[in-house]
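Chain order of the listed sequences is Y and V. For the first sequence, UniProt numbering begins at 1 and goes up steadily by one. For the second sequence, UniProt numbering begins at 1 and goes up steadily by one. The structure appears below as structure tokens.
Number of protein chains: 2
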Amino acid sequence: MSGRFAPRSRRETRAVVLESLLRSGGAFRPLIARDAQLTEASISRILTELRGEDIIEEIRRPAPYVGGPTALVTLSKNIAIAGIELSNDRLSFGIGDLAGTIDYVERMPASPQLKQSEFERLFGNCLATMTQWTGKRGISIRQAALSIPGYSSANTNPIFTWDMKRLRAFLAEVLEGVPLSITNSVIAQAAFHRYSSTAAYPIEGDHLFLFVGHGVAGVVVNETAPIDTFSPFELGHMVIERNGHACRCGHKGCLEAYTSLKAVSKIIGIAESEVLHQGDGFIEALDLGDDIRTSLRERLFLLGLGLGNALNLHPVSSVVISGWPSLMPVGDRDAILEGLDESLLGGFDQDRLKLSFIAPSIGNDPQAALYYAAYCFVRGGGLEAKAEPQAALGENA
Amino acid sequence: MSGRFAPRSRRETRAVVLESLLRSGGAFRPLIARDAQLTEASISRILTELRGEDIIEEIRRPAPYVGGPTALVTLSKNIAIAGIELSNDRLSFGIGDLAGTIDYVERMPASPQLKQSEFERLFGNCLATMTQWTGKRGISIRQAALSIPGYSSANTNPIFTWDMKRLRAFLAEVLEGVPLSITNSVIAQAAFHRYSSTAAYPIEGDHLFLFVGHGVAGVVVNETAPIDTFSPFELGHMVIERNGHACRCGHKGCLEAYTSLKAVSKIIGIAESEVLHQGDGFIEALDLGDDIRTSLRERLFLLGLGLGNALNLHPVSSVVISGWPSLMPVGDRDAILEGLDESLLGGFDQDRLKLSFIAPSIGNDPQAALYYAAYCFVRGGGLEAKAEPQAALGENA
DNA sequence: CACAATAATTACACAGTGTAAATATCATGG
DNA sequence: CCATGATATTTACACTGTGTAATTATTGTG
Numbered sequence: 001m002s003g004r005f006a007p008r009s010r011r012e013t014r015a016v017v018l019e020s021l022l023r024s025g026g027a028f029r030p031l032i033a034r035d036a037q038l039t040e041a042s043i044s045r046i047l048t049e050l051r052g053e054d055i056i057e058e059i060r061r062p063a064p065y066v067g068g069p070t071a072l073v074t075l076s077k078n079i080a081i082a083g084i085e086l087s088n089d090r091l092s093f094g095i096g097d098l099a100g101t102i103d104y105v106e107r108m109p110a111s112p113q114l115k116q117s118e119f120e121r122l123f124g125n126c127l128a129t130m131t132q133w134t135g136k137r138g139i140s141i142r143q144a145a146l147s148i149p150g151y152s153s154a155n156t157n158p159i160f161t162w163d164m165k166r167l168r169a170f171l172a173e174v175l176e177g178v179p180l181s182i183t184n185s186v187i188a189q190a191a192f193h194r195y196s197s198t199a200a201y202p203i204e205g206d207h208l209f210l211f212v213g214h215g216v217a218g219v220v221v222n223e224t225a226p227i228d229t230f231s232p233f234e235l236g237h238m239v240i241e242r243n244g245h246a247c248r249c250g251h252k253g254c255l256e257a258y259t260s261l262k263a264v265s266k267i268i269g270i271a272e273s274e275v276l277h278q279g280d281g282f283i284e285a286l287d288l289g290d291d292i293r294t295s296l297r298e299r300l301f302l303l304g305l306g307l308g309n310a311l312n313l314h315p316v317s318s319v320v321i322s323g324w325p326s327l328m329p330v331g332d333r334d335a336i337l338e339g340l341d342e343s344l345l346g347g348f349d350q351d352r353l354k355l356s357f358i359a360p361s362i363g364n365d366p367q368a369a370l371y372y373a374a375y376c377f378v379r380g381g382g383l384e385a386k387a388e389p390q391a392a393l394g395e396n397a
Numbered sequence: 001m002s003g004r005f006a007p008r009s010r011r012e013t014r015a016v017v018l019e020s021l022l023r024s025g026g027a028f029r030p031l032i033a034r035d036a037q038l039t040e041a042s043i044s045r046i047l048t049e050l051r052g053e054d055i056i057e058e059i060r061r062p063a064p065y066v067g068g069p070t071a072l073v074t075l076s077k078n079i080a081i082a083g084i085e086l087s088n089d090r091l092s093f094g095i096g097d098l099a100g101t102i103d104y105v106e107r108m109p110a111s112p113q114l115k116q117s118e119f120e121r122l123f124g125n126c127l128a129t130m131t132q133w134t135g136k137r138g139i140s141i142r143q144a145a146l147s148i149p150g151y152s153s154a155n156t157n158p159i160f161t162w163d164m165k166r167l168r169a170f171l172a173e174v175l176e177g178v179p180l181s182i183t184n185s186v187i188a189q190a191a192f193h194r195y196s197s198t199a200a201y202p203i204e205g206d207h208l209f210l211f212v213g214h215g216v217a218g219v220v221v222n223e224t225a226p227i228d229t230f231s232p233f234e235l236g237h238m239v240i241e242r243n244g245h246a247c248r249c250g251h252k253g254c255l256e257a258y259t260s261l262k263a264v265s266k267i268i269g270i271a272e273s274e275v276l277h278q279g280d281g282f283i284e285a286l287d288l289g290d291d292i293r294t295s296l297r298e299r300l301f302l303l304g305l306g307l308g309n310a311l312n313l314h315p316v317s318s319v320v321i322s323g324w325p326s327l328m329p330v331g332d333r334d335a336i337l338e339g340l341d342e343s344l345l346g347g348f349d350q351d352r353l354k355l356s357f358i359a360p361s362i363g364n365d366p367q368a369a370l371y372y373a374a375y376c377f378v379r380g381g382g383l384e385a386k387a388e389p390q391a392a393l394g395e396n397a
């Protein structure tokens, strides 16, 4: 009489169990059983299997009540994964384990106008250094993930207009068989913030995660859907003001032309790279002049306007915002609400829309990509890509 | 060595087989086997089961080649389903079978400003008449579907601002156990046009289906996802012109204020209800004056602008448009492209975005809802809601 | 009317998981 | 220190769903 209705392949079951562990950061069996909707019997079988493959560990830790479980199940620290992040000003490589530890990081400056060939060269160099590091230690990477701003499985990227087929071919070649997932930065960010056990998150339930940085991008976090199926919402090039400011995309009046990091850093008079590297309240601490504050509020208003338009298209009842707006004083953020009030159907109403802010985690790259790599490893059940006996043709479903 | 990788419950397998039949309108076994990714052996078992329950029929029809299949499998004509459609000017009830035949229709005028209590009264009356009809014939409805403009599982409806919980409670009560699915009209429309075997459809693959009527709504048709998970895109209340025309929603400059049926019928000088009831090319035939044509082109431009914004948010490579724009002369429709060119990232490019038009199927209500009811019946495997032995709690996954 | 070609059915094996019985572990109290 | 109660963990067995392969059916052709 379990709560499930669809049988699962072994791979799926392993994936469900491992994903539960990734989210919780470690749990006792009864909890895993509930989370994965399996009986203790099945948990027992699966864990035995996973322990044998050194994917999980059971550390002796008796629960503090009579008859309680005796061992805490955690993801193994012996599986190496790699996260690669192309943020707008640098390319970072990292190696870590499933438990969230990062053992190796290398970061190289990368221009926001990076050409594909330059990227390939840069990537090749970093990879070589990394391979040296792993080689020396006899480590083999089980899963890698690369996050790119604007990436989508469709061939359209507003930020890097590269040939995705060529990109995938290049990566497949240089990575020599290491499984690689490519994803949109905003998905990796959202997943990391929402599901990594190390971070606090302001809300639960489906919502829009919005990141305002070089671009303006969001993703609808659907709590019941797998992260790798999330589809990004590229808000930056919504035209919110006909014949408005010129945008780098060639159009006029795009949201990005008003609210990107570049646009606001110009207003503040501080280098882009400086703004996000500061902590929460940084802008408040700056004690900006009144006209600067007013300008920023105008930009936040426009952000709200565009956000409202996006929410009209695809309604959700809460939004989490990360990026420079999160660094603004609470009072100033209200300008977003005013913008929302002009576009969101029915006007802004705090009973119908909950807005939260989280500090941007800049400087932690490639933490999000690393998390995403762990997620992908776990989603595959910790099995090689084609290890499933019945799976021959069917990756396309 | 099949192409599948996930085991299925009996319910799922039945659903897959039945859905294949619904889409094809009838097929020989080898085709079903390929479509459902099952062996002939499994098809045999499933069909035997379904035939026993009178959900499918096998009519003797030898394929015209040696050793070919001998019977054509079709959905049974003995399963009664009901489709209920609330278009903006009427409420229509229909009863039909899985093969697409419609046996009963009743239509009642309904104001676009219909209040919830009025709806309940109207619905009650129509239902009573329908129940009389079914009662007289000893027919019992296996699945009903109701399509409402603007409906979403969230509690926000731009068109009818009703209490959805109350609506569901009301419907559950009056329908006395008949399973009911509620969906957004645009989903039912899209599904009907795309998948019903009776209609031709201009494209294949993922795309945006856009309907421009009283409102402006779309849905991303994801060919690999189940229809009932499609999420509607309510385009109508995107603010495309700050401080523009007043919209009925209270905001200014919404797309709907420019491109809804109401807005354009005012330009043409013909009652709303007349416009869509005409066939393709109707507007061309009208021989409108030059300034009217110009105005309409302006509206199409704005539609393109809003559409471009939506596509920036969620890129797809083709769009199918239904509604009054489909009735416009081909040359005039190009105004949409001009609008797209100003908002769609990278400008409009026919290699990257394919635009198609299909005639709006007004006057066929509740055909789309009826199709959706058939879809829901089939998706449930033709089983009672809770018949699955292992399924007790788990409808929420 | 036998044959070739494919369709349709059926016996059997195997994967995955639940049930329930058997066994293990721990805190507590004598 | 040991029996006890409480819960955890493992294991034997049964059941579902499906593929494989052998068997039987159907049909056009020569």
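Every residue gets a Cβ at the ideal spot worked out from N, C-alpha and C, and that includes glycine. All values derive from a computational prediction rather than experimental measurement.
Neighbourhood of residue i by C-beta, 6 Å cutoff - its chain only, sequence neighbours within 5 removed
| i | result |
| --- | --- |
| residue 203 of chain Y | 318, 356 |
| residue 169 of chain V | none |
| residue 16 of chain Y | 36 |
| residue 234 of chain V | 158, 217 |
| residue 208 of chain Y | 218, 220, 316, 319 |
Neighbourhood of residue i by C-beta, 7 Å cutoff - its chain only, sequence neighbours within 5 removed
| i | result |
| --- | --- |
| residue 142 of chain V | 79, 80, 81, 377 |
| residue 103 of chain Y | 95, 96 |
| residue 53 of chain Y | 382 |
| residue 241 of chain Y | 253 |
| residue 133 of chain V | 104 |
Counted within 10 angstroms of its Cβ, other Cβ atoms place residue i as buried (16 or more) or exposed
| i | result |
| --- | --- |
| residue 326 of chain Y | buried |
| residue 330 of chain V | exposed |
| residue 14 of chain Y | buried |
| residue 328 of chain Y | buried |
| residue 184 of chain V | buried |
| residue 33 of chain Y | buried |
| residue 398 of chain Y | Here chain Y comprises residues numbered 1 to 397, so residue 398 of chain Y is not present and cannot be evaluated. |
| residue 121 of chain Y | exposed |
| residue 20 of chain Y | buried |
| residue 64 of chain Y | exposed |
| residue 153 of chain Y | exposed |
Helix, strand or coil at residue i [DSSP, three-state]
| i | result |
| --- | --- |
| residue 329 of chain Y | coil |
| residue 309 of chain Y | helix |
| residue 250 of chain Y | coil |
| residue 342 of chain Y | helix |
| residue 317 of chain Y | coil |
| residue 362 of chain V | coil |
| residue 239 of chain V | strand |
| residue 288 of chain Y | coil |
| residue 323 of chain V | strand |
| residue 301 of chain Y | helix |
| residue 173 of chain V | helix |
| residue 219 of chain Y | strand |
| residue 356 of chain V | strand |
| residue 272 of chain V | helix |
| residue 233 of chain V | strand |
Own chain partners of residue i with C-beta closer than 8 Å, once the 5 adjacent residues on each side are dropped
| i | result |
| --- | --- |
| residue 312 of chain Y | 343, 344, 345 |
| residue 223 of chain V | 204, 205, 206 |
Suppose only complete runs of 3+ residues qualify. What are the beta strand (DSSP E) ranges in the stretch 9–78 of chain V, listed by chain order?
56–60, 71–75
Pair every Cβ in the stretch 173–192 of chain V with every Cβ in the stretch 283–303 of chain V, then say whether three or more of these pairs are closer than 8 Å.
no
Tell me the start and end of each unbroken beta strand (DSSP E) in the stretch 81–155 of chain V that is at least 3 residues and wholly inside, in chain order.
90–96, 102–109, 141–148
Given 8 Å, three or more beta-carbon pairs between the stretch 192–201 of chain V and the stretch 134–149 of chain V
no
For the stretch 180–214 of chain V, list the beta strand (DSSP E) runs that are entirely contained and at least 3 residues long, ordered along the chain.
180–184, 207–212
At least 3 beta-carbon pairs within less than 8 Å: the stretch 14–34 of chain Y vs the stretch 67–74 of chain Y:
yes
Evaluate contact between the stretch 348–368 of chain Y and the stretch 255–262 of chain V, counting only Cβ atoms and requiring at least three cross-stretch pairs below 8 Å.
no
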